[in-house]
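Read the structure below first, then the notes.
Pasting the structure below:
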């Protein structure tokens, strides 16, 4: 890739944090959002205990998902992934 | 029989369920759009730039396989046969996955091939390569069709749409996210799907267990219903061995041999070690160490998957009246296809147990699984099509962007073909049978050829393709003379049916392939040893096969200790159940 003017000056630009693209943030975001929706359903919706046989399934599942979602986002925040601006291409691309 | 434009739906979803499902699709398509910005050339598109960490590819590895066929098929097997269905995981997957990581992956990753057929080309040349690429491409289209069909049926069950409309919409969604982001998007989504699937199936299993009164209650109820109609005796349903109901063999010993050799060795090694859909995920990693760990990390969730697929199937067989009646030998109308089948177990269990809200998560999970499977098939297909068929045999020596375009067009073409194969799939009642049949034809001889070629330098190029062809023909022949493997095409000359027949067909393919390969090799001229470096064990220096950095990692990040732990877990589980 472009090896032209890269030197010490642009060194910080060579790597950047994956940020929102980090798969852990995406997992955490979606599961966490499900957790919020289910918890709200559990608190304010019909628990439909005749289906589940007693427990308020939405509430319990919602809380667990919320915890899992937060854990993933926390993991991503605590141990951010650095991705290179350009992945080095080995000779794979030019294999016969 | 419901009308084709069924307006009565199996599951009644509410607004909150649609919100959850909609959220999922928004994220899936969002990943495609974002991943697109990062895709700069064909290595990115096809192999994700070889940059992903092992836990991501490990989960993708499992998720690519945890498609509709797996979830619906395994819960169906659980409902029909009970515990013996776990053999598909603990015997039929884990050993092969570990073997792939420990023994075979260094050759794949180290030789820098872009696909499994390309490895075939380097080792055996054109003949074997063509056979492998074409059979693989065809198998992927068929399997993508099955996944699409299941995706269509659940959309129909959920929304009451006509199956054709459902198929088209489902295909359009899968198509858009793969063409946008390539393999990266597919892998990202697979990892995400894994979590959504667990979030969907785990609560279902727990609620189900609660309803039947725990594991003890489930055992009591299965014992109560056992032996009625088509249901196997309780002892067969509650112990994984010898699994005679599953294999269809009368003898316990033959059944065990069939499971261990047919399923555990030939079919599963054939599937896991040579199937490019799976291997491609490992090839997308950042190092040979990560590539080897991909299937091994994947083995851990895989060990646990039966608890959220087979177990709910078993629960459905006692809790859901339609499934219980079907198991007792009655024909019940309803379900996704007009008549209730074991494949409907999971959907019906969801209907009975889940409150709105969780129901939405469950449906999102199923849709996720169905798309995961299909996307995996199609992304593997387009790599093989563009590199192994188009670039090698049709239009050579064009620039990278050209083959990238070919790959995107192949994706569209594959999706269109899958829509037609989806119609084909609808003619087979037990999808697992159909799939095993396909694997028997294509994969069993492949594994024989690969393993012989990797460890026997004398094996020649001619032996490569003749072994493959004769092995495949042997499998087809066994299927043809069996009772019902090919449906009405089977002649019934020997009394073999169901899954057992597939095991025998695969075993025959393996043995014939090995014998033919050895005989032909001895009669033809081998390749010079210097061309075999990186391809044959004895001709490859040890340092090419391991990652130099690996020794410095803690034990839980090294290949061998991880594989040992997974193996120990499987052995323990086989003793417990």
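Chains as they are written, first to last, in this note's numbering: chain S, 24 to 119; chain Z, 142 to 718.
Just so you know, even glycine gets a beta-carbon here, dropped at the ideal spot from N, CA and C.
Legend entry - Neighbourhood of residue 755 of chain Z by C-beta, 7 Å cutoff - its chain only, sequence neighbours within 5 removed: Nothing can be reported for residue 755 of chain Z: it is not among the residues displayed for chain Z, which extend from 142 to 718.
Inset, instruction - Answer with yes or no whether the minimum CB distance from residue 100 of chain S to chain Z is below 8 Å. - result: Translated into positions along the first chain, residue 100 of chain S becomes position 77. Cβ-Cβ to chain Z under 8 Å: no for residue 100 of chain S.
Inset, instruction - Would you mind working out which of Z:502, Z:257, Z:299 and Z:320 sits nearest residue 554 of chain Z, comparing C-alpha positions? - result: Within the second chain, the letter at position 413 stands for residue 554 of chain Z. Closest option to residue 554 of chain Z, Cα to Cα, is Z:320.
Legend entry - residue 420 of chain Z, enclosing alpha helix (DSSP H) - first and last residue: Here residue 420 of chain Z refers to the residue found at position 279 of the second chain. Secondary structure note for residue 420 of chain Z: its alpha helix (DSSP H) is the uninterrupted segment 417 to 424.
Legend entry - C-alpha distance - residue 71 of chain S paired with residue 436 of chain Z, whole-angstrom precision: Position 48 of the first chain, counted from the start, is the residue given in the question as residue 71 of chain S. Position 295 of the second chain, counted from the start, is the residue given in the question as residue 436 of chain Z. Cα-Cα distance, rounded: 41 Å.
Inset, instruction - Kindly indicate if chain Z contains any beta-carbon less than 8 Å away from that of residue 55 of chain S. - result: Residue 55 of chain S sits at position 32 when you count from the first residue of the first chain. With 8 Å as the cut-off, residue 55 of chain S does not count as an interface residue toward chain Z.
Legend entry - 8 Å Cβ cutoff, residue 336 of chain Z in contact with chain S: Taking the second chain and counting its residues from 1, the one referred to as residue 336 of chain Z is at position 195. Yes, contact with chain S.
Inset, instruction - Identify which residue in Z:302, Z:228, Z:205 and Z:333 has its Cα closest to the Cα of residue 170 of chain Z. - result: Here residue 170 of chain Z corresponds to residue number 29 of the second chain, with the count starting at 1. Comparing alpha carbon positions, the residue from Z:302, Z:228, Z:205 and Z:333 closest to residue 170 of chain Z is Z:333.
Inset, instruction - Classify residue 394 of chain Z as buried or exposed, calling it buried when 16 or more other Cβ atoms lie within 10 Å of its own Cβ. - result: For this step, residue 394 of chain Z is matched to residue 253 along the second chain. Burial call: exposed.
Inset, instruction - Using 10 angstroms around the beta-carbon of residue 616 of chain Z, count the other beta-carbons present and answer buried if the total reaches 16, otherwise exposed. - result: In the second chain, counting from the first residue as 1, residue 616 of chain Z sits at position 475. Result: buried.
Inset, instruction - Check whether the Cβ of residue 103 of chain S lies closer than 8 Å to any Cβ atom in chain Z. - result: Taking the first residue of the first chain as position 1, residue 103 of chain S is located at position 80. In terms of beta-carbon proximity, residue 103 of chain S stays away from the interface with chain Z, with every pair separated by 8 Å or more.
Inset, instruction - Check the Cβ-Cβ distances between residue 97 of chain S and every residue of chain Z, and say whether any is below 8 Å. - result: In the first chain, residue 97 of chain S corresponds to position 74, counting from 1. Chain Z contact via Cβ: absent.
Legend entry - Reduced DSSP secondary structure (H/G/I, E/B, other) of residue 48 of chain S: Mapped onto the first chain, residue 48 of chain S falls at position 25. Correct three-state label for residue 48 of chain S: helix.
Inset, instruction - Pick helix, strand or coil for residue 344 of chain Z, following the three-state DSSP scheme. - result: For the purposes of this step, residue 344 of chain Z is identified with residue 203 of the second chain, where counting begins at 1. Helix at residue 344 of chain Z.
Inset, instruction - Flag residue 670 of chain Z as yes if its beta-carbon sits less than 8 Å from any beta-carbon of chain S, otherwise no. - result: In the second chain, residue 670 of chain Z corresponds to position 529, counting from 1. No - not a single Cβ of chain S is within 8 Å of the one on residue 670 of chain Z.
Inset, instruction - Would you kindly check if the distance between the Cβ of residue 527 of chain Z and the Cβ of residue 217 of chain Z is under 8 Å? - result: Reading the second chain from its first residue, position 76 is the one you call residue 217 of chain Z. Reading the second chain from its first residue, position 386 is the one you call residue 527 of chain Z. Between residue 217 of chain Z and residue 527 of chain Z, the CB-CB gap reaches or exceeds 8 Å.
Inset, instruction - Using a cut-off of 8 Å between C-beta atoms, extract the partners of residue 61 of chain S located in chain Z. - result: The residue labelled residue 61 of chain S in the question sits at position 38 within the first chain. Within 8 Å Cβ-Cβ: 498, 499 and 502.
Inset, instruction - Could you say if the region 245 to 259 of chain Z and the region 415 to 423 of chain Z meet the contact criterion of at least three C-beta pairs nearer than 8 Å? - result: Here the region 245 to 259 of chain Z makes contact with the region 415 to 423 of chain Z; the two share three or more CB pairs at distances below 8 Å.
Inset, instruction - Would you kindly report the start and end of the unbroken alpha helix (DSSP H) that includes residue 236 of chain Z? - result: As a working note, residue 236 of chain Z is residue 95 in the second chain. From DSSP, the alpha helix (DSSP H) with residue 236 of chain Z extends over 235 to 240.
Inset, instruction - State the start and end residues of the unbroken alpha helix (DSSP H) segment that holds residue 462 of chain Z. - result: Position 321 of the second chain, counted from the start, is the residue given in the question as residue 462 of chain Z. Going by DSSP, residue 462 of chain Z is part of the alpha helix (DSSP H) stretching over 462 to 468.
Legend entry - residue 596 of chain Z burial status per 10 Å Cβ neighbour count (16 or more: buried): Mapped onto the second chain, residue 596 of chain Z falls at position 455. By the Cβ neighbour-count rule, residue 596 of chain Z is exposed, with fewer than 16 other Cβ atoms within 10 Å of its own.
Inset, instruction - Could you check if residue 373 of chain Z is buried or exposed, using at least 16 other CB atoms within 10 Å of its CB as the buried criterion? - result: By 1-based counting over the second chain, the position of residue 373 of chain Z is 232. Of the residues assessed, residue 373 of chain Z falls on the buried side of the cut-off, its CB having 16 or more other CB atoms within 10 angstroms.
Legend entry - Within-8 Å CB hit, residue 48 of chain S to chain Z: On the first chain, position 25 is the one that residue 48 of chain S refers to. Taking CB atoms only, residue 48 of chain S has no neighbour in chain Z less than 8 Å away.
Inset, instruction - Output yes or no for whether 8 Å exceeds the beta carbon distance between residue 363 of chain Z and residue 245 of chain Z. - result: Indexing the second chain from 1 puts residue 363 of chain Z at position 222. Indexing the second chain from 1 puts residue 245 of chain Z at position 104. No, Cβ-Cβ distance for residue 363 of chain Z and residue 245 of chain Z is not below 8 Å.
Legend entry - Residues of the region 153 to 169 of chain Z with Cβ closer than 8 Å to any Cβ of chain S, in chain order: Residues of the region 153 to 169 of chain Z with a Cβ closer than 8 Å to any Cβ of chain S, in chain order: 157, 160, 161, 164, 165 and 168.
Legend entry - C-beta contact flag for residue 172 of chain Z and residue 330 of chain Z at 8 Å: Translated into positions along the second chain, residue 172 of chain Z becomes position 31. Translated into positions along the second chain, residue 330 of chain Z becomes position 189. Inclusion of residue 172 of chain Z and residue 330 of chain Z in the CB contact set at 8 Å is warranted, their separation being smaller than that value.
Legend entry - Exposure of residue 349 of chain Z, with buried meaning 16 or more beta-carbon neighbours within 10 Å: One-based indexing of the second chain puts residue 349 of chain Z at position 208. Classification of residue 349 of chain Z: buried, given that the 10 Å Cβ count is 16 or more.
Legend entry - Contact with chain S by residue 495 of chain Z, beta-carbon distance below 8 Å: Mapped onto the second chain, residue 495 of chain Z falls at position 354. Between residue 495 of chain Z and chain S, the shortest Cβ-Cβ separation is below 8 Å.
Inset, instruction - Would you identify the three-state DSSP class for residue 83 of chain S, choosing helix, strand or coil? - result: The residue you call residue 83 of chain S lines up with position 60 of the first chain. DSSP places residue 83 of chain S in the helix class (H, G or I) of the three-state scheme.
Legend entry - Span separating the alpha-carbon of residue 700 of chain Z from that of residue 96 of chain S: Position 559 of the second chain, counted from the start, is the residue given in the question as residue 700 of chain Z. Position 73 of the first chain, counted from the start, is the residue given in the question as residue 96 of chain S. Distance between the alpha carbons of residue 700 of chain Z and residue 96 of chain S is about 28 Å.
Legend entry - 8 Å Cβ cutoff met for residue 277 of chain Z and residue 525 of chain Z: Sequence index remark: in the second chain, residue 277 of chain Z carries index 136 (1-based). Sequence index remark: in the second chain, residue 525 of chain Z carries index 384 (1-based). With respect to the 8 Å criterion, residue 277 of chain Z and residue 525 of chain Z are classified as neighbours on the basis of their beta carbons.
Inset, instruction - Give a yes or no on contact between the region 206 to 213 of chain Z and the region 514 to 524 of chain Z, applying the rule of three or more CB pairs nearer than 8 Å. - result: With a cut-off of 8 Å on Cβ pairs, the region 206 to 213 of chain Z is in contact with the region 514 to 524 of chain Z, counting three or more such pairs.
Legend entry - Residue from Z:468, Z:495, Z:497 and Z:498 whose Cα sits closest to the Cα of residue 484 of chain Z: Walking along the second chain from the start, residue 484 of chain Z turns up at place 343. In terms of Cα proximity to residue 484 of chain Z, the closest of Z:468, Z:495, Z:497 and Z:498 is Z:468.
Legend entry - Whether residue 542 of chain Z touches residue 590 of chain Z by CB criterion (8 Å): The residue labelled residue 542 of chain Z in the question sits at position 401 within the second chain. The residue labelled residue 590 of chain Z in the question sits at position 449 within the second chain. Contact flag unset, no.
Legend entry - Closer than 7 Å at the beta carbon, the chain Z residues around residue 84 of chain S: Along the first chain, read from residue 1 onward, the residue named residue 84 of chain S stands at position 61. Under the 7 Å cutoff, chain Z gives 344 and 499.
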